[in-house]
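Counted from 1, the sequence shown has number 144 at position 144 by UniProt numbering; the numbering is strictly sequential.
Working notes, structure below.
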Amino acid sequence: MNKLILYVCAWICLHSCGFSKSQEESMLEYALSQAGDNRKELEYVIKYYEGDSLKREAARFLIRNMVYHFGYEKRERVSDITTLSSDYLIRNIELAFQAWPKPWNKSVSFENFCRYILPYRGLYEQPSGLREELMRTYLPLLDSSHIDNTYDAAVRLQKILRTRVTYQTEIPIHYPTAEEIHRTGVGRCDGVVLYGIQLMRAAGIPTVAEHTIWTRRNGEHYWCAFLNEDGRFLPFAPEYEGPDSLIYNLTKPFLTPAKVYRYGFAPLHPVTTESTDEYRTFLKNPLLTAVTEQYLPPVADIHTTCDLPVRSKRAPIYLCTYNHGNWRPFAMSERIGNRCTFPKIVGDDVFIIAEYDKEAYGSLRFITSPFHVSNTGIITKIKPDPARTDSIFIASDNPYQQQVPYTLAYWEQEQQCFKNGYFPTDTIPGGILIRKIPKGSLLKAMISRPEKAAEDRIFLVENDTVKRY
């Protein structure tokens, strides 16, 4: 998290102890103090609504939380608090209030309206001016359908979204905007989410972005979720029929994530900075809320101890998964002594715990061995036994692969890296047999999965078969 956000968090904690009126006043004053020359624009918005207490409070809500938000222009970060005009904010507020009274939104409270309909952005995109056009296009469709509940309205718009946009796999040269997705009809998952949020909010449907770092494959994923009348957030994305099919997809063996996060426009709870370091990660975003148990029960708490010496009594720690050739943090907690705890993690996976090492050029230093955690939270440290060996069979009809030594990498804990190992191989009908692998090793190789190209993944050998993670 950048220094500005950390300072905001600390300043708020010093000046208030909860989301009381006094805290909201403190947050608003701090936001205005950070606006620079743009302060007069923001003050004008508040003054503009002096005769309408509800819209005035909505304006104050937006402004006091704008300090957390920014976009990019030509790789330069641009803060909302210093750039957004009064005209833009007033227009956004007016349009949001026009959509809120629709019959399918009758159960949406003012608080949920402010958090999930009013906001003008979903993630880190440039602020969008698409709301009015989307309202003109899609509100008449919902009106003519005589829909009177949130679920039916959201499902109707999801079906429209499926016809409007398709996924692309190429990484764009710049962060997408909702306008680009609207114009081209293509985008990666994050771009499609931005457009989906704008579409739903334009219809007055409370909507947020959800995010996970994959732990059983490479990459990450974003999707949308809308707040249903029963108080549950239900997921949607254009490639799925509805919420149930998306949730089911997350339970597939090669997809099941260990942690799911929700991005909000404003923090749900007072922000604290009791323990921090200089490591930059999305996990320090105060707008992030873990919602794993809403998708993937059962979850379990991870409790384990450090295997390597630590340098302080307590420090932030990071639970890491193997992703794109590196151990990538996907959950954050705090170490007390040599005890490490991470709440509500989906198990049957392999992780490692790290902490920030300022002496190593600001990188992470691993403080545990890799370990397997079961679905119930049982920890098994992965420590090879050189005195005992395993064998594995690799199915292959490739003659070249059968003639050359098969290369596996194994985890070397002292050097904290994977090292290539060349193990004896025998060519047998249908593939090769790899022998003399130290029992209990964490291995790495290119491994395929059904209907997908091979990926660089870690695995264990269990009963002479590969257990991929």
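Think of the CB as a built atom: it goes at the ideal place given N, C-alpha and C, for glycine as much as any other residue.
Which complete alpha helix (DSSP H) runs does the segment 227–277 hold, if anything under 4 residues is left out? 243–250
Am I right that lysine 381 and glutamate 278 are in contact with their C-beta atoms under 8 Å? What's the rounded C-beta distance? Wrong, their Cβ atoms sit about 29 Å apart, outside the cutoff.
For glycine 71, which residues from the same chain have a beta carbon less than 8 Å from its beta carbon, with the 5 sequence-adjacent residues on both sides left out? Arg77, Val78, Asp80, Arg121, Tyr124, Glu125, Gln126, Pro127, Tyr175
Return the first residue and the last residue of the beta strand (DSSP E) that alanine 354 is part of. 349–357
Nonlocal neighbours in the same chain, by C-beta distance under 7 Å from glycine 440, ignoring five residues either side: Ile382, Lys383, Pro384, Asp385
On the criterion of 16 or more Cβ atoms from any shown chain inside 10 Å, does proline 103 qualify as buried, or is it exposed? exposed
Sequence-distant residues of its chain with Cβ nearer than 7 Å to arginine 339 (five each side left out): Thr305
Report yes or no: do the segment 228–243 and the segment 141–154 share at least 3 C-beta pairs separated by less than 8 Å? yes
Please confirm whether any heavy atom of the ligand ZN lies closer than 7 Å to the CB of tyrosine 116. Looking for the ligand ZN in the displayed structure turns up nothing, as the structure carries no ligands at all.
Look at the alpha carbon of lysine 3 and the alpha carbon of isoleucine 434, and state the distance between them as a whole number of angstroms. Note that lysine 3 scores 38 on pLDDT, short of 50, meaning its location in the model is unreliable; the coordinates nonetheless yield the value given after this. So the alpha carbons of these two residues sit roughly 50 Å apart.
Please say whether isoleucine 353 and leucine 319 have beta carbons closer to each other than 8 Å? yes
Using the beta-carbon count (16 or more within 10 Å), is lysine 106 buried or exposed? exposed
At what residue ranges does the segment 85–144 contain a whole run of the alpha helix (DSSP H), taking only runs of 4 or more? 86–99, 110–116, 131–144
With 16 other CB atoms within 10 Å as the buried threshold, where does valine 8 fall? Residue confidence is low: valine 8 scores 42 on pLDDT, short of 50, so the model does not pin down where it sits. Its coordinate-derived value is still stated next. The residue is buried, with at least 16 neighbouring Cβ atoms inside 10 Å.
Name the two residues that bound the continuous alpha helix (DSSP H) containing cysteine 340. First-last for cysteine 340: 339–345, but that is the beta strand (DSSP E), not the alpha helix (DSSP H).
Below 8 Å on the Cβ atoms is my contact criterion, and I expect glutamate 132 with leucine 161 to pass it. Report the Cβ-Cβ distance as a whole number of Å. Actually they do not touch by this definition, with Cβ atoms about 18 Å apart.
Suppose the cutoff is 6 Å on Cβ atoms and the five residues either side in sequence are ignored; what does the same chain contact list for methionine 135 look like? Ala202
From histidine 303 to glycine 337, what does the alpha carbon distance come to, in whole angstroms? 13 Å
Simplified DSSP state of glutamate 73, which is helix, strand or coil: strand
Which of the three DSSP states is assigned to phenylalanine 423 in this structure? coil
Which of the three DSSP states is assigned to leucine 308 in this structure? coil
Could you check if alanine 395 is buried or exposed, using at least 16 other CB atoms within 10 Å of its CB as the buried criterion? exposed
According to DSSP, is threonine 376 helix, strand or coil? coil
With DSSP as the reference, identify every bridge partner of aspartate 385, one or two as the case may be. Lys439
Counting only the same chain and skipping the five closest in sequence on each side, list residues whose C-beta sits under 6 Å from that of threonine 166. Val186
With a cut-off of 8 Å on the beta carbons, I'd call isoleucine 205 and glycine 191 a contact; round off their distance for me. Actually they are not in contact, since the Cβ atoms of isoleucine 205 and glycine 191 sit about 19 Å apart, beyond 8 Å.
What first and last residue would you give for the alpha helix (DSSP H) that runs through glutamate 180? 178–184
If you run the structure through DSSP and keep just helix, strand and coil, what is serine 363? strand
Residue span of the beta strand (DSSP E) that contains lysine 467, given as start and end: 465–468
Separation of tyrosine 263 from proline 101, as counted between CA atoms: 25 Å
Going by alpha carbons, who is nearest to glutamine 158 out of Arg183, Tyr195, Ala178, Glu179? Tyr195
Look at the Cβ atom of valine 350, then the Cβ atom of tyrosine 222, and state whether they are nearer than 8 Å. no
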